[in-house]
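First up is the structure itself, then whatever we jot down about it.
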Amino acid sequence: MAPIRNTRVLFNSVPQGYPVPGETTVVDHSQTLDLDAVDLAGGKVLAKTLSISIDPYLRGKMRSPEKKTYNQPFEIGKPLYSHAVVKVLRSENPKYKAGDYVYGVFDWAEYQVFSEGLDARVLPPDSGIPWSVYVGVAGMPGKTAYYGWKEIAKAKKGETIYVSTAAGPVGSVVVQLAKAEGLKVIASAGQESKLQFLRDLGADVVFNYKTTSVEKVLEEHGPVDIFWDHVGGSTTNTVLAHMNTFGRVVVIGSISSYNTPQAEPIANFPHILYKRLTVRGLIVTDHEKEYRDAFYATIPGQIARGEIKYTETIVRSLDEAPQLLLDVQKGDNTGKAVVILADD
Numbered sequence: 001m002a003p004i005r006n007t008r009v010l011f012n013s014v015p016q017g018y019p020v021p022g023e024t025t026v027v028d029h030s031q032t033l034d035l036d037a038v039d040l041a042g043g044k045v046l047a048k049t050l051s052i053s054i055d056p057y058l059r060g061k062m063r064s065p066e067k068k069t070y071n072q073p074f075e076i077g078k079p080l081y082s083h084a085v086v087k088v089l090r091s092e093n094p095k096y097k098a099g100d101y102v103y104g105v106f107d108w109a110e111y112q113v114f115s116e117g118l119d120a121r122v123l124p125p126d127s128g129i130p131w132s133v134y135v136g137v138a139g140m141p142g143k144t145a146y147y148g149w150k151e152i153a154k155a156k157k158g159e160t161i162y163v164s165t166a167a168g169p170v171g172s173v174v175v176q177l178a179k180a181e182g183l184k185v186i187a188s189a190g191q192e193s194k195l196q197f198l199r200d201l202g203a204d205v206v207f208n209y210k211t212t213s214v215e216k217v218l219e220e221h222g223p224v225d226i227f228w229d230h231v232g233g234s235t236t237n238t239v240l241a242h243m244n245t246f247g248r249v250v251v252i253g254s255i256s257s258y259n260t261p262q263a264e265p266i267a268n269f270p271h272i273l274y275k276r277l278t279v280r281g282l283i284v285t286d287h288e289k290e291y292r293d294a295f296y297a298t299i300p301g302q303i304a305r306g307e308i309k310y311t312e313t314i315v316r317s318l319d320e321a322p323q324l325l326l327d328v329q330k331g332d333n334t335g336k337a338v339v340i341l342a343d344d
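Residue numbers are given in UniProt numbering: position 201 of the sequence shown equals residue 201, and the series is strictly consecutive.
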C-alpha cells in the first residue's frame, strides 16, 4: 500500500490566556504511514482513530514543564493527547486483536501505533451506543460524575444540590443521578439552548449564570446540601455562604481560572468551618479500582436504553479540533465536545 497521510495536532507554544488555534496548537499534515509496512515488532498495535475527546482540563496541560500539578504537561512539538476510541487494524500484542475497539488515552492523530494504551479498555462491539459516547458520558466525563457521586456526594433523598455548568457531560450526568435519587436540583448554564436541555433532564430550578445572580437564586431556592463545583472563583465564594450545615462540596474543576494568570481567592473560606463542610477534590483516576466495574456495568446500558441523556458538539476533522478546544474553554460548545474521524 502507498503511504497515506497521518494528520496530527501538535502542541506548539504555551498560551498566555486562551489557547490560540494556529499558535498554541497547529495541525500537521506532514507525517505519512504505510499501513501494511508499519513495524509492530515488540508487541505494538496499529489502530485507526474513530473519536477523540476534547475536555476543559486539557488547558492545564498547556503549561511550562517547571509548573507542577497532578498531571504531565504536553510537550512542545509533540501531539496533544486525550481519551479516544480507536479501531485496531493490525496487532502483535496479545491484548488486542484486529477489529477490536479500544478506549484509552491516545494522540490527536488519524492513526496510532501503541503497545500499552493508558487507561485502555476493549469495548463491546454491540453496546448500542455510538463510539463518540465512549469519550463522553460513557467514558471519563461520565466516570467523573459517577465516581464523585459515589465517593463524595453521599446524597440523601430530599436534599438540594446545585450543579454549576450543568449542561456539560459531567454536570448533566450528575443532574440525572440526583433526580433519580430524589434530590432537588438547581442547575445553571450559560446559553438558552443549554437551559432547555437541563429542563428536559428534570432539573427543578434552571438559570443562566451570565444573566441571573447566583446569590439571588440560592437565596430563593437554597440552602444547598451538595455543591458540584466545576467553576471555582466567585461562584464558589457565593455558594459557600448558602450551604447547609454538614454540606458537601465536590470540586471537579475551576474553569474560571484556567485561562487567567491567577485564580480568584476564596473569600468565604470561614464558612467551611462554621458549617462543618466537607470540601473534596476529585481526580477520576484515583477511583478506578473502586468504581470502574460498577460504572461499566451500569451507565452504558442506561445510555443505550435512553435512561441517561446527552448532547454533543461534533467536528469531523482534526483541522477543526483546535477551534473546538478553544470553544470548550469559552463555553461555546454544547454538551460533549468530540472529534469524530470515522464511524467504524
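Virtual Cβ for every residue (Gly too), placed ideally from N, Cα, C. Predicted model, so just to flag it, every value in this text is computed and none were measured.
{"Item": "Secondary structure of Val137, DSSP reduced to three states", "Value": "coil"}
{"Item": "Nearest candidate by alpha-carbon position, reference Lys156, set Tyr146, Ala166, Leu183 and Asp319", "Value": "Leu183"}
{"Item": "Own chain partners of Glu219 with C-beta closer than 8 Å, once the 5 adjacent residues on each side are dropped", "Value": "His242"}
{"Item": "Three-state secondary structure assigned by DSSP to Gln112", "Value": "strand"}
{"Item": "N-terminal and C-terminal residue of the beta strand (DSSP E) that Ile226 is part of", "Value": "Val224 to Asp229"}
{"Item": "Whole-angstrom distance between Glu159 and residue 369, CA atom to CA atom", "Value": "Residue 369 lies beyond the stretch modelled for the chain, which goes from 1 to 344, so this question has no answer here."}
{"Item": "Collapsed DSSP secondary structure at Leu40 in the structure displayed", "Value": "coil"}
{"Item": "Backbone secondary structure at Asn237 - three-state DSSP", "Value": "helix"}
{"Item": "Contact set for Gly42: own chain, Cβ-Cβ below 8 Å, skip 5 residues either direction", "Value": "Glu92 and Ser115"}
{"Item": "Near the ligand GTP: Val45 beta-carbon under 7 Å from a heavy atom", "Value": "Only the bare structure without any ligand can be found here, which leaves the ligand GTP out of the picture."}
{"Item": "Per-residue burial, Ala180 [other beta carbons within 10 Å of its own, 16 or more giving buried]", "Value": "exposed"}
{"Item": "Nearest residue (CA-CA) to Ala267, options Gln72, Gly233 and Phe246", "Value": "Gly233"}
{"Item": "Reference Val173; option with closest CA among Ser164, Lys194, Gly253 and Ala145", "Value": "Ala145"}
{"Item": "Presumed contact (8 Å Cβ cut-off) between Gly139 and Tyr101, rounded CB distance", "Value": "Not really, about 12 Å apart at Cβ, beyond 8 Å."}
{"Item": "Paired residues, beta bridge with Leu198 - DSSP", "Value": "DSSP output for Leu198 lists no bridge partner at all."}
{"Item": "Validate contact between the segment 311-327 and the segment 280-288 using beta carbons, cut 8 Å, 3 pairs", "Value": "no"}
{"Item": "Ser30 classed as buried or exposed, judged by whether at least 16 other C-beta atoms fall within 10 angstroms", "Value": "exposed"}
{"Item": "Segment limits, beta strand (DSSP E) that includes Ala189", "Value": "Lys184 to Ala189"}
{"Item": "CA-to-CA distance, Leu240 to Leu273, given in whole angstroms", "Value": "11 Å"}
{"Item": "Spatial neighbours of Tyr81 in its chain, beta-carbon cut-off 7 Å, leaving aside the 5 residues before and after", "Value": "Val105, Phe106, Asp107 and Trp108"}
{"Item": "Start and end residues, beta strand (DSSP E) containing Thr7", "Value": "Careful: Thr7 lies outside any beta strand (DSSP E) and carries neither H nor E."}
{"Item": "Span separating the alpha-carbon of Pro124 from that of Asn237", "Value": "43 Å"}
{"Item": "Distance, Arg248 Cα to Ala166 Cα", "Value": "17 Å"}
{"Item": "Of the residues Thr235, Asp225, Ile299 and Thr24, the one placed nearest Asn208, counting alpha carbons only", "Value": "Thr235"}
{"Item": "Thr49, DSSP secondary structure in three states", "Value": "strand"}
{"Item": "Bridge partners - Met243, DSSP secondary structure assignment", "Value": "Val224"}
{"Item": "Span separating the alpha-carbon of Leu341 from that of Phe295", "Value": "26 Å"}
{"Item": "Terminal residues of the alpha helix (DSSP H) in which Gly301 lies", "Value": "Glu288 to Ala304"}
{"Item": "Residues of its chain near Ala153, where Cβ-Cβ distance is below 7 Å and the 5 sequence neighbours each way are ignored", "Value": "Ile226, Arg248 and Val250"}
{"Item": "At least 3 beta-carbon pairs within less than 8 Å: the segment 53-66 vs the segment 325-333", "Value": "yes"}
{"Item": "Same chain only: Cβ atoms within 8 Å of Arg276, ignoring 5 sequence neighbours per side", "Value": "Thr245 and Phe246"}
{"Item": "Counterpart residues of Asp28 in DSSP-defined beta bridges", "Value": "Arg8"}
{"Item": "Whole-angstrom distance between Asp204 and Ile161, CA atom to CA atom", "Value": "10 Å"}
{"Item": "8 Å Cβ shell around Thr32 - same chain, five flanking residues per side excluded", "Value": "Pro3, Ile4, Arg5 and Asn6"}
{"Item": "Chain-order list of residues whose beta-carbon lies under 8 Å from that of Val224 (same chain, five-residue window excluded)", "Value": "Thr160, Ile161, Tyr162, Ile186, Leu218, Val239, His242, Met243, Asn244 and Gly247"}
{"Item": "Beta-bridge pairing of Arg63 - partner residues as DSSP gives them", "Value": "DSSP lists no partner for Arg63."}
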